[in-house]
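In the working numbering, the protein residues as written are 1075 to 1254.
Take a look at the structure set out below.
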């Protein structure tokens, strides 16, 4: 067991003696996104992760298209991890009692290696589309892609970003990679 600030911890030095590591913690809720980002960068060293998160954040990690909680974080988490909410934890179980409920969440890496170039393209697509979450995807996509390429992907341009599946985001990522 290691009791350190995960954001400053060099996992590569520690894991060199082991195959992969399991991470678990009741994390500061204000650091949830930076910690997920840190885990993404160290994914090849991680066997699995079990974290307590604020309930809304947990559902954003596990979100699927057409749900209120679906967004950039959902797509990235679902691209990299199998995400499972194991247990909702009511605020009354904590002393002192916080103002929010929590969830205990399990993350298992989908891949042992991550194409970080592809991940960066995915983040660009997500930023492009989710910056106008309630608008149709046609306008931003047609600024960078040709209509025939989007038709080949069978993407309905009248959709909103939160209606696109993670699979469609990955197809757009591959297309963006092709465009350069």
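For every residue, glycine included, the Cβ atom is placed at its ideal position computed from N, Cα and C.
Residue 1117 places its beta carbon less than 8 Å from that of residue 1183. Of the residues assessed, residue 1134 falls on the buried side of the cut-off, its CB having 16 or more other CB atoms within 10 angstroms. Given a length threshold of 3 residues, each whole run of the beta strand (DSSP E) inside the stretch 1135 to 1194 is given here in chain order: 1155 to 1163, 1176 to 1183.
In the DSSP assignment, residue 1095 falls within the beta strand (DSSP E) that extends over 1095 to 1100. The three-state secondary structure of residue 1252, taken from DSSP, is helix.
For residue 1122, the enclosing beta strand (DSSP E) has its first and last residue at 1120 to 1128.
Counting along the chain, the unbroken alpha helix (DSSP H) around residue 1218 starts and ends at 1212 to 1218. DSSP places residue 1110 in the uninterrupted alpha helix (DSSP H) bounded by 1106 to 1115. DSSP places residue 1226 inside the alpha helix (DSSP H), whose first and last residues are 1221 to 1226.
Annotation: residue 1203 to residue 1210 spans about 9 Å, alpha carbon to alpha carbon.
Distance from the CA of residue 1105 to the CA of residue 1096, rounded to the nearest whole angstrom, comes to 19 Å. The three-state reading of DSSP puts residue 1245 in helix, counting H, G and I together. Going by DSSP, residue 1086 is part of the alpha helix (DSSP H) stretching over 1085 to 1089. With 16 or more other Cβ atoms from the protein chains shown falling within 10 Å of its own Cβ, residue 1131 counts as buried. Residue 1101 sits close to residue 1109, with the two beta carbons spaced by under 8 Å. Three or more Cβ pairs closer than 8 Å define a contact, and the stretch 1149 to 1169 meets that threshold against the stretch 1191 to 1199. If you draw a straight line from the Cα of residue 1159 to the Cα of residue 1137, it is about 10 Å long.
Taken atom to atom, the span from the alpha-carbon of residue 1244 to that of residue 1226 is near 14 Å.
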